[in-house]
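Asks:
Residue numbers (the UniProt record's numbering): 1 to 1218.
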């Protein structure tokens, strides 16, 4: 099956690619410039648009002064919107000319905005952004100064293990590797966010807008610049360029002074020497960063760190006028028809690869821009800045329109879900609806459209943002709905055209059953989707699918067993318990495999009977046997040709709902859905526990656990069942999964509780509420009775959140977890919560940005209390002294200045620690199915040994990812990392490192700086740098990754042993044996705790550790470690296994060495005794302390240096890495 799928994908690729794509010619174009440098050379392709070439010229440091120009060829202006190859007469080495064009008001605004972006540097501080430090990357800071060269494979030498050179300084020099990493150090020390300053300020002049008479002279805009020399200069932007005028703040005199230039940058360089100097420094600062660190993230929602340093705020008078610079005086450029844009892009042709890529890129871009606009709009709605369309209705039913986006609240304002759990069910339905939109977008059906949709959870309120269907406000909903029902089945529509369109692609992909539903009049209507899914005919003639929350059937077994009170458990809070689409696919595949098996057995039986009768007729000869074998082969071929279309299994989403259906048809459909529900409970949930135990999946945080469960079709309501199954197994290997599941349940319950409190909080009360909640949950050991900080004049009884105590919060969360996950928490579960990982998860889910500092959760020690008491006594004494002095009439300025009350925290968190509350966003992001299929086909080819084909497919997939998603996207990041690993195995070091750096930056900026993916990318980057010969740099990356690992997971996780082993090997190559041994010891400890002492992996760890002790010269410990390793190898693998033999050889060497050492020690003891008896003062014998080089273990060292040993060690490392 896999090979067939791969073959289909490869054929697909070939058929999609247009013929001209095979030969991709490279153009080396020279561009002549009006100033210095007089020309530049660029490498491009004939398919590159002129607009893209212009963009790259604007972004290049040496030509960034130009923004308003056109390109000409042979004296003719080239159209910006054609491709380079379409220019008449162009060749691969043509010369183009850059011609400075006349400005328009739009061009001036663009030029100024571009300059402001440049002056801001890679991380331009922007208080108007949604969160602090969006899309930040630390790679440049972690890399620091590189003082090593990449060593080509041919020039690599064997490490000189006993060189007399000093050990080079590295990340782990003089560092305790077991010391916990501090949250206050989450931002690397070398990170420089603020770019060199070039101007004091650059803003629009108060003389704007330009008077009518001056417009006739070509004036477009007036600017005021304050230089670093503190000169205030008034500048005119005209059609010809920029010049200094004679105006000041009081007198308007637009006449030009002598200084002018086409570019504002050139003009500023002329009038301010400090600008010229610092602008050169700024360009160096920007070019120190990787290209991907400087690019804006514009095809997906950027990541925001949960722990941030307090941002520095800068005076910038032009910041308030940014909307004017970006969108013009009447802001017309900012208003967009989101729905029409999105649907027009969907209607673009997709007949060949190029068209598909362009279409998918435009859809991805418009959806990312819609998401950003929707998030800002939702924040405005929650903060009360937008008036509702229906102000007379209850607040829960309010609807809003802002920036051409429709906003509604994710609760049951209209009573639709009254019988299913009201607001609880409505909250779930919004999420399921978004999943449905995602599902339909991935199917991409012809002739059916979905709305752009985003869910924003902000300050406890769920807001649903959607693009507006044309004509929706001009007529009654009931007339527009032509498929499904608006009133829970009272009136049902079933438009035949809609029905046919859904049946073509959607019903096939999702295996939906065509079924009849009955309205209140008793009339039958045939539908594919649930009656609650609506088909709407827009005023633009397009067919829209809405309310897609019931694309999948009900999880009936869960509903019947858990949505009722029993066994001290309350009823589950709602009945929107639906099965996931992944589960329905798994169930369908399993039933299909069963059917194929049964069909095959049936055919075999028939063939078997034939074969038996043939046997009876003819027996004996070889020819007859051969004929029989041929028959069997033919028979097998026939077996493969089973007609798969005979298999029919579809699902009715209206089963077990309030929809009325004919009773004669429904029984069989009910049985199918019940079977799917049991399949989830009895097979899928237990199977994921086995996957955890075999390390097929190893989630590191709650997000990874959620994704792992969702990929297998398991809803998060089964988290309690998962925790029970894991704890019942009592398997040490998956103990971390149990703790992770417990933490995830507590975090999810905390999110619910905290959101409910935040709904009633004003903006200024939110940090008070959040800090008190966190004190009750995580700071109870430090202060068992935390007092809330209340607004001035408020009483503790005025707010529900302020009445919380650690005890009541634990009870509340225990009830929530029992209610939502059917699991009973214990006190121990709360006590085992780790501060930083739990804090991180809560911050990410609720949208909190907290100050990066070290939060104390342990109570003060006796010594600290005594010190505090002494400080307080000294403070009191100083106050008394001051009183006495003032009574005497003396005034001591010095004592007044130094008198300060000792500041100490009484709680773990303070309201000032909460830096920002921002939205948590869910979006129906577009997927490039073709790019992802190509990626999977490439991975499959490599797994099957077709390396070249696999590499070609992956490179093709990377190009598709970059063109569709852009460079900065989680999917592109995965693609970079996979390709980097292949190049690493092929020993193409430069390519591996280049791609891995891109993977790191892309993951940091879109997933998060401490996301598990990012940490893995850093670990691999360290591995690749070490392989390239830059071990000190490699250790910096490994150190950075291990710091975040320590913060995110803490020590003792099974996967951390691999990272420790890799660090140990790297340190050995630098000859830092004591530090490397510490890493090997820690790896051994982890393996022994998780796997037990008599596991082969643990034994391998001890074998490596024995070598490390040998290199350090500690032969006693080496012998003890090797004994453990040999014992396990012999017992588990037998004496003939190469690992056992290897261990035996080491053991013999170490034992003979130990005997020799003992003899020397005895001789030394006798000598000392003789010296004591004769009381002769003499210098000690040179043999008193054996030096490593003199020891009789030459063979052992030869063995370490021998190629077989190093290759084995390398092999072992690679195996571990895998």
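Glycine included, C-beta positions come from ideal geometry on N, C-alpha and C.
Please report the straight-line C-alpha distance between residue 267 and residue 282, rounded to a whole angstrom.
Replies: C-alpha separation (whole angstroms): 17 Å.
Asks: Excluding five sequence neighbours on each side, which residues of the same chain lie with their C-beta closer than 6 Å to the C-beta of residue 1087?
Replies: Here the set comprises 1057, 1097, 1098, 1101.
Asks: In terms of alpha-carbon separation, which member of 119, 151, 183 lies closest to residue 200?
Replies: Minimum Cα distance to residue 200 is reached at 119.
Asks: Are residue 653 and residue 715 closer than 8 Å when you measure CB to CB?
Replies: Not a contact, by the Cβ cut-off of 8 Å.
Asks: For the alpha helix (DSSP H) containing residue 497, list its first residue and its last residue.
Replies: Unbroken alpha helix (DSSP H) run through residue 497: 496-504.
Asks: Enumerated in chain order, which unbroken segments of the alpha helix (DSSP H) with a length of 4 residues or greater are wholly contained in the stretch 651-711?
Replies: Here the runs fully enclosed are 663-679, 685-693, 702-711.
Asks: Of all the alpha helix (DSSP H) runs that stay within the bounds of the stretch 744-806, which reach a length of 4 or more residues?
Replies: Segments of the alpha helix (DSSP H) lying fully in the stretch 744-806: 766-778.
Asks: Could you have a look at residue 43 and say whether DSSP puts it in helix, strand or coil?
Replies: Correct three-state label for residue 43: strand.
Asks: Cβ of residue 183 within 8 Å of Cβ of residue 852?
Replies: For residue 183 and residue 852, yes; Cβs fall inside 8 Å.
Asks: Nearest to residue 922 by CA position, among 418, 226, 437, is which residue?
Replies: Closest by alpha carbon: 437.
Asks: Locate the beta strand (DSSP E) running through residue 1016, then write down its first and last residues.
Replies: Premise fails: residue 1016 lies in the alpha helix (DSSP H), 1012-1027, not in any beta strand (DSSP E).
Asks: Would you verify that the beta carbon of residue 361 is, or is not, closer than 8 Å to some beta carbon of chain B?
Replies: This model lacks chain B altogether; it includes just one protein chain.
Asks: Short of 6 Å in beta carbon distance, which residues of its chain neighbour residue 751, apart from the five on each side in sequence? Order them along the chain.
Replies: 845, 846, listed in sequence order.
Asks: Between residue 768 and residue 839, how many whole angstroms is the CB-CB distance? I'm expecting something under 8 Å.
Replies: Contact doesn't hold; Cβ gap of about 17 Å is too wide.
Asks: Buried or exposed for residue 485, going by 16 or more other Cβ atoms inside 10 Å?
Replies: The residue is buried, with at least 16 neighbouring Cβ atoms inside 10 Å.
Asks: Sort 409, 45, 679 by Cα distance to residue 429 and report the nearest one.
Replies: Nearest of 409, 45, 679 to residue 429, Cα basis: 409.
Asks: DSSP state of residue 720, grouped into three classes?
Replies: Reduced to three states, the DSSP call for residue 720 is helix.
Asks: Taking residue 543 and residue 449 to be in contact with their CB atoms under 8 Å, please state how far apart those CB atoms are, rounded to whole angstroms.
Replies: At roughly 7 Å, the Cβ-Cβ gap stays under 8 Å, so residue 543 and residue 449 are in contact.
Asks: Between the stretch 864-877 and the stretch 719-736, do at least 3 Cβ pairs fall closer than 8 Å?
Replies: Short answer: they don't touch.
Asks: Please list the segments of the alpha helix (DSSP H) lying wholly inside the stretch 295-378, counting only runs of 4 or more residues, in order along the chain.
Replies: 322-327, 338-346, all fully within the stretch 295-378.
Asks: Can the beta-carbon of residue 655 be found closer than 8 Å to that of residue 746?
Replies: No. Outside cutoff.
Asks: Given this structure, state the Cα-to-Cα distance separating residue 1237 from residue 349, to the nearest angstrom.
Replies: Since the displayed the chain opens at 1 and closes at 1218, residue 1237 lies outside it and no answer follows.
Asks: So what's residue 552 in DSSP terms, helix, strand or just coil?
Replies: Coil.
Asks: Could you say which of 1031, 723, 234, 917 lies nearest to residue 305 if we only look at CA atoms?
Replies: When only C-alpha atoms are compared, the closest one is 917.
Asks: At what residue ranges does the stretch 820-845 contain a whole run of the alpha helix (DSSP H), taking only runs of 4 or more?
Replies: Within the stretch 820-845, the complete alpha helix (DSSP H) runs of at least 4 residues are 827-831.
Asks: Taking C-beta to C-beta, are residue 125 and residue 322 nearer than 8 Å?
Replies: Against a cut-off of 8 Å, the Cβ pair of residue 322 and residue 125 comes out as no contact.
Asks: Report the residue from 188, 218, 558 whose alpha carbon sits nearest the alpha carbon of residue 144.
Replies: Ranking 188, 218, 558 by Cα distance to residue 144 puts 188 first.
Asks: Applying the 10 Å Cβ sphere with the 16-neighbour rule, what's the burial state of residue 800?
Replies: Exposed: under 16 other Cβ atoms inside 10 Å.
Asks: Quick one: what does DSSP say residue 990 is sitting in, helix, strand or coil?
Replies: Correct three-state label for residue 990: helix.
Asks: Rounded to whole angstroms, what's the CA-CA distance from residue 1129 to residue 1084? Just pull it up for me.
Replies: One C-alpha to the other measures close to 15 Å.
Asks: Taking 8 Å as the limit between beta carbons, can you name the residues of its chain near residue 338, skipping five residues before and five after?
Replies: Cβ neighbours of residue 338 beyond the five flanking positions: 366, 370, 373, 404, 405, 452, 467, 468.
Asks: Would you grab the beta carbon distance between residue 389 and residue 401 for me? Rounded to a whole angstrom, and I think it's under 8 Å.
Replies: Residue 389 to residue 401, Cβ: 6 Å. Contact.
Asks: Label residue 179 either buried or exposed according to how many other C-beta atoms from any shown protein chain fall within 10 Å of its C-beta, with 16 as the threshold for buried.
Replies: So residue 179 counts as exposed.
Asks: In the DSSP assignment, find the alpha helix (DSSP H) that holds residue 278 and state where it starts and stops.
Replies: Start and end: 273-288.
Asks: Entirely within the stretch 1073-1100 and at least 4 residues each: give me those alpha helix (DSSP H) ranges in chain order.
Replies: With a minimum length of 4 residues, the continuous alpha helix (DSSP H) runs that stay inside the stretch 1073-1100 are 1073-1091.
Asks: Are the beta-carbon atoms belonging to residue 1018 and residue 1053 less than 8 Å from one another?
Replies: Going by C-beta atoms, residue 1018 is not nearer than 8 Å to residue 1053.
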